[in-house]
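Chemist:
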Amino acid sequence: MAEEAFSQRTTTCGGLTKADAGKKVVLNGWVHRDRNHGALHFINLRDRYGITQVVVDDDASKELQETAAKLRMEFCIAVTGVVRLRPDTMVNLDMATGEVEVKAESIEILSKCLPLPFMIDGEAEPNEDLRLKYRFLDLRTQGMQERIKLRHEFIKAIREYFYRTDFYEIETPTLIKSTPEGARDFLVPSRFYPGKFFALPQSPQLYKQILMVGGFDKYFQIARCYRDEDARGDRQLEFTQLDMEMSFVKRDDVLELMEEMFNEVFMKVQNVQLPAHFRRITYHDSMNTYGNDKPDLRFGLEIHDLNDLATKSSFDMFKTTVENKGFVKGLCAPKTEGTNFSRKVIDALQDTAKIYGAKGLAWAKVGADNKLSGGVSKFFVGMEEELINEFDAKEGDLILMIAQEDWKKCCTSMGAVRSKLGKDLDLIKEGYEFCWIIDFPLFEFNEDENHWEAAHHMFSMPQAQYLDTLESDPGSVKGDLYDLVLNGYECASGSIRIHDVELQKKIFRICNIDDATAQEKFGFLLDAFKFGPPPHGGIAPGIDRMVMIMAQQTSIKEVIAFPKNTAACSPMDDSPSFVEQDQLEELHLKAIFPEKKSDK
RNA sequence: GAGGGCGUAGCGAAGCUGGUUAUCGCGACGGCCUGUCACGCCGUAGAUCGCGGGUUCGAUCCCCGUCGCUCUCGCCA
Numbered sequence: 000m001a002e003e004a005f006s007q008r009t010t011t012c013g014g015l016t017k018a019d020a021g022k023k024v025v026l027n028g029w030v031h032r033d034r035n036h037g038a039l040h041f042i043n044l045r046d047r048y049g050i051t052q053v054v055v056d057d058d059a060s061k062e063l064q065e066t067a068a069k070l071r072m073e074f075c076i077a078v079t080g081v082v083r084l085r086p087d088t089m090v091n092l093d094m095a096t097g098e099v100e101v102k103a104e105s106i107e108i109l110s111k112c113l114p115l116p117f118m119i120d121g122e123a124e125p126n127e128d129l130r131l132k133y134r135f136l137d138l139r140t141q142g143m144q145e146r147i148k149l150r151h152e153f154i155k156a157i158r159e160y161f162y163r164t165d166f167y168e169i170e171t172p173t174l175i176k177s178t179p180e181g182a183r184d185f186l187v188p189s190r191f192y193p194g195k196f197f198a199l200p201q202s203p204q205l206y207k208q209i210l211m212v213g214g215f216d217k218y219f220q221i222a223r224c225y226r227d228e229d230a231r232g233d234r235q236l237e238f239t240q241l242d243m244e245m246s247f248v249k250r251d252d253v254l255e256l257m258e259e260m261f262n263e264v265f266m267k268v269q270n271v272q273l274p275a276h277f278r279r280i281t282y283h284d285s286m287n288t289y290g291n292d293k294p295d296l297r298f299g300l301e302i303h304d305l306n307d308l309a310t311k312s313s314f315d316m317f318k319t320t321v322e323n324k325g326f327v328k329g330l331c332a333p334k335t336e337g338t339n340f341s342r343k344v345i346d347a348l349q350d351t352a353k354i355y356g357a358k359g360l361a362w363a364k365v366g367a368d369n370k371l372s373g374g375v376s377k378f379f380v381g382m383e384e385e386l387i388n389e390f391d392a393k394e395g396d397l398i399l400m401i402a403q404e405d406w407k408k409c410c411t412s413m414g415a416v417r418s419k420l421g422k423d424l425d426l427i428k429e430g431y432e433f434c435w436i437i438d439f440p441l442f443e444f445n446e447d448e449n450h451w452e453a454a455h456h457m458f459s460m461p462q463a464q465y466l467d468t469l470e471s472d473p474g475s476v477k478g479d480l481y482d483l484v485l486n487g488y489e490c491a492s493g494s495i496r497i498h499d500v501e502l503q504k505k506i507f508r509i510c511n512i513d514d515a516t517a518q519e520k521f522g523f524l525l526d527a528f529k530f531g532p533p534p535h536g537g538i539a540p541g542i543d544r545m546v547m548i549m550a551q552q553t554s555i556k557e558v559i560a561f562p563k564n565t566a567a568c569s570p571m572d573d574s575p576s577f578v579e580q581d582q583l584e585e586l587h588l589k590a591i592f593p594e595k596k597s598d599k
């Protein structure tokens, strides 16, 4: 069959300048907008590279004028014409190509476009589900074009760094063994083995460790990962990690390499100079000071330990909490321009605290002459100055306090209040604030199942000073673990790994996995560790989240070409979907439907 | 599993102490227009007010339920 004949572009819609005046060109693109003045007709033609104004002049042939009159938004067309300078008074400096225009000699309609389900000019933002249904149109918007480009540039810069520094890019399988712990696995049935399943990887963790045993001492991969958990603004069923691992390294080697890499990448992609080294904060300090393990350091509003002050107050609830080995923490919300700490505002803060497990949120307003008023101020009579000095509070500020017996809840609920205030009071500075969170606990106790489990994952190395007390006191063991945090988002997580069979088995046992189960589930790793495994460690930054932050978005859907929605489906292709009975039978599967919601 | 928000022409919004011919902008369709650039002007069509039930003489509006989306808690080693 003959190829469809169409005039193929000789340039793009972004590149024409004054220097091109007089040239005959062909442009291919979409009708972004057209302004038909009858005898004079302007068409903004758009492609990935920009927008160029095409003019159908009054001297155009009748055929050309008729074709131009038929154009509608988003028709895909080819324009043949001559570049010319715009008249002086008609130059549009808001357009990159605003000094020139193309006088059309002919226009071919390559394809028509139905009336649009939504405008793609970025003016009004349609409902997200509609955007996802018509993602091919949404992708044409300037915002999506820019974000997908940014993502490309980011990944490209990362690859350039790793290629130059002699890392190998190695792929690992996406059909792997399902292993216990962690998130819910996506399962893929095996046709050959009835009842057996592959899992999609939650991360290439074990494979990259085995690559280390395999002698590839510097590995990286842009890896797709899958976790079958509820989606969030910063979480999707599938997401992309920069996965990397190195042999013969210690923690600081990994941290410093990442610092160097992100310095280079942020300079290339954002033209931003990051600090040579990122601040390091221990998990414990981060929880105490910022109320979470992913602090947003773009603003202060630090949390203070108020146990001493609470004991001296006349507030029984505070005193009792401290006596019961609990915690009283607080922060001081500054009075800013336009701030009004009304009852309604305080109530909203209390609601926030409660969502995160606080029983209440005590408050007091700072008045003139070191006086407090409202809320719990009456319990601080006689020590008002002490409380005010603790925060160096000013008149009009609002002191907020939480008492909780559970340390973590006390921290996180206060932290949630801190985060809300940061946003509400507009305290957040522009820019990128990276930090490392280090010295994470290796284990946390699972109350429901009544055993210890890995706080991160089971392959992280305990810090040396805890090796003797691993089993006797798991709760106090800190690991060689580190997270990279950017602007309040956890952007990477890594560790130095265990490479000793006996130590690995010991960790499994502490996590309630006996030797037999460990051999069944992780035998391949344990076996590998019997054959001269190197000391190794690595990290895995989340690509989606980092691009999201760079693009100043709050949802990773904005930086993924084809994301799923919150309900874990894709409105565009309508997946997931039912499959034919034959397919199920071939896979030895039978669908069991829940009582309600039997079909949707 | 739980909570908050939203659901009104193709899209974005307004309306509602319960009575309207349900409003506006964009888009669509038809016409006019020689320098626009979010072109302008004139005209036309387009809405079971998410769905079901209840209260009421009367419901887009109030109540209950339900569905969908969205944000959050749980969950996410």
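Residue numbers (numbering that gives the first Met the number 0): 0 to 599.
All C-beta atoms, glycine included, are put in the ideal place defined by N, C-alpha and C.
Starting from D304, follow its DSSP beta bridges and name the residues at the other end.
Modeler: DSSP, once it has assigned bridges, lists K328 as partnering D304.
Chemist: Measure the C-alpha to C-alpha separation of P540 and Q240 and round it to an integer number of angstroms.
Modeler: Going by the C-alpha atoms only, they are around 6 Å apart.
Chemist: Roughly how many angstroms separate the alpha carbons of I76 and L15, rounded to a whole number?
Modeler: Between I76 and L15, the C-alpha separation is close to 18 Å.
Chemist: Is S475 helix, strand or coil by DSSP?
Modeler: Helix at S475.
Chemist: So the alpha helix (DSSP H) F521 belongs to, where does it begin and stop?
Modeler: Note, F521: alpha helix (DSSP H), 514–527.
Chemist: With C-beta atoms as the reference, is I538 less than 8 Å away from M547?
Modeler: Not in contact: I538 and M547 (Cβ atoms no closer than 8 Å).
Chemist: From this set, M545, E501, K505, which residue's C-alpha is nearest K529's C-alpha?
Modeler: With distances taken between Cα atoms, K529 lies closest to E501.
Chemist: Kindly list the residues whose CB is nearer than 7 Å to the CB of Q384, restricted to its own chain and excluding five residues on each side of it in sequence; keep chain order.
Modeler: The question names Gln, but residue 384 is Glu in the sequence shown. The residues are N369.
Chemist: Are the beta-carbon atoms of A347 and F340 separated by less than 8 Å?
Modeler: Result no, Cβ atoms of A347 and F340 do not sit closer than 8 Å.
Chemist: Let me confirm a value: H151 is counted as buried when at least 16 other C-beta atoms fall within 10 Å, else exposed. Which label applies?
Modeler: By the neighbour-count rule (16 or more Cβ atoms within 10 Å), H151 is not buried but exposed.
Chemist: Using the C-alpha atoms, what's the distance from D242 back to R279?
Modeler: Cα-Cα distance, rounded: 21 Å.
Chemist: Who are A77's beta bridge partners in DSSP?
Modeler: Note: A77 sits in a beta bridge opposite N27, E107.
Chemist: Taking S418 and H455 to be in contact with their CB atoms under 8 Å, please state how far apart those CB atoms are, rounded to whole angstroms.
Modeler: That pair is no contact at about 23 Å.
Chemist: Cα-Cα, which of K334, S313, K353, N291 is closest to Y488?
Modeler: When only C-alpha atoms are compared, the closest one is N291.
Chemist: Ignore the nearest five residues each way along the sequence and tell me which others in G421's own chain have a CB closer than 8 Å to its CB.
Modeler: The answer, listed in chain order, is D295, R297, F298, L300, I427.
Chemist: Determine, using beta carbons only, whether L84 and K17 come nearer to each other than 8 Å.
Modeler: Going by C-beta atoms, L84 is nearer than 8 Å to K17.
Chemist: For S597 and E237, what's the separation of their Cα atoms in angstroms?
Modeler: Low confidence applies to S597: its pLDDT is 34, below 50, so where it sits in the model is not reliable enough to give any reading.
Chemist: Suppose the cutoff is 8 Å on Cβ atoms and the five residues either side in sequence are ignored; what does the same chain contact list for M382 look like?
Modeler: Within the same chain, M382 has close Cβ partners L308, K311, S312.
Chemist: Does the distance from the C-beta atom of V24 to that of T9 stay below 8 Å?
Modeler: Yes, the Cβ-Cβ distance between V24 and T9 is below 8 Å.
Chemist: Which partner residues does S492 have in the DSSP bridge list?
Modeler: In DSSP, S492 forms a bridge with D482, A539.
Chemist: On the DSSP bridge list, what partners appear for W362?
Modeler: DSSP lists L399 as partners of W362.
Chemist: Short check: CB of V558 to CB of A567, under 8 Å?
Modeler: Contact flag unset, no.
Chemist: I'd like to check one pair, M245 with H535: are the Cβ atoms closer than 8 Å?
Modeler: The answer is yes: Cβ separation under 8 Å.
Chemist: Ignore the nearest five residues each way along the sequence and tell me which others in K599's own chain have a CB closer than 7 Å to its CB.
Modeler: Bear in mind that the predicted position of K599 carries a pLDDT of just 31, short of 50, making it unreliable; the figure below should be weighed with that in mind. Closer than 7 Å at Cβ, skipping near neighbours: no residue.
Chemist: Tell me, to the nearest whole angstrom, how far the beta carbon of E100 is from that of V54; I am working on the premise that it is less than 8 Å.
Modeler: With 8 Å as the limit, E100 and V54 qualify as a contact, their Cβ atoms being about 5 Å apart.
Chemist: Per DSSP, what kind of secondary structure is K596 in: helix, strand or coil?
Modeler: No answer about K596 holds up, because its pLDDT of 39 lies below 50 and its placement is not dependable.
Chemist: Inspect the beta-carbon positions of V78 and K22 and report whether they are closer than 8 Å.
Modeler: Contact flag unset, no.
Chemist: Below 7 Å CB to CB, which residues in the same chain sit around I398 once its five sequence neighbours on both sides are set aside?
Modeler: Cβ neighbours of I398 beyond the five flanking positions: G329, C331, W362, A363, V365, L386, F390, A392.
Chemist: With DSSP as the reference, label T281 as helix, strand or coil.
Modeler: Note: T281 maps to strand in three-state DSSP.
Chemist: What residues match up with I42 in a beta bridge as DSSP calls it?
Modeler: D33, V53.
Chemist: Quick one: measure Cβ to Cβ for S569 and L131, integer angstroms, because I've assumed they're closer than 8 Å.
Modeler: Indeed they touch by this definition, with Cβ atoms about 7 Å apart.
Chemist: Under DSSP, the beta strand (DSSP E) around C410 begins and ends at which residues?
Modeler: Per DSSP, C410 belongs to no beta strand (DSSP E); it is in the alpha helix (DSSP H), 406–423.
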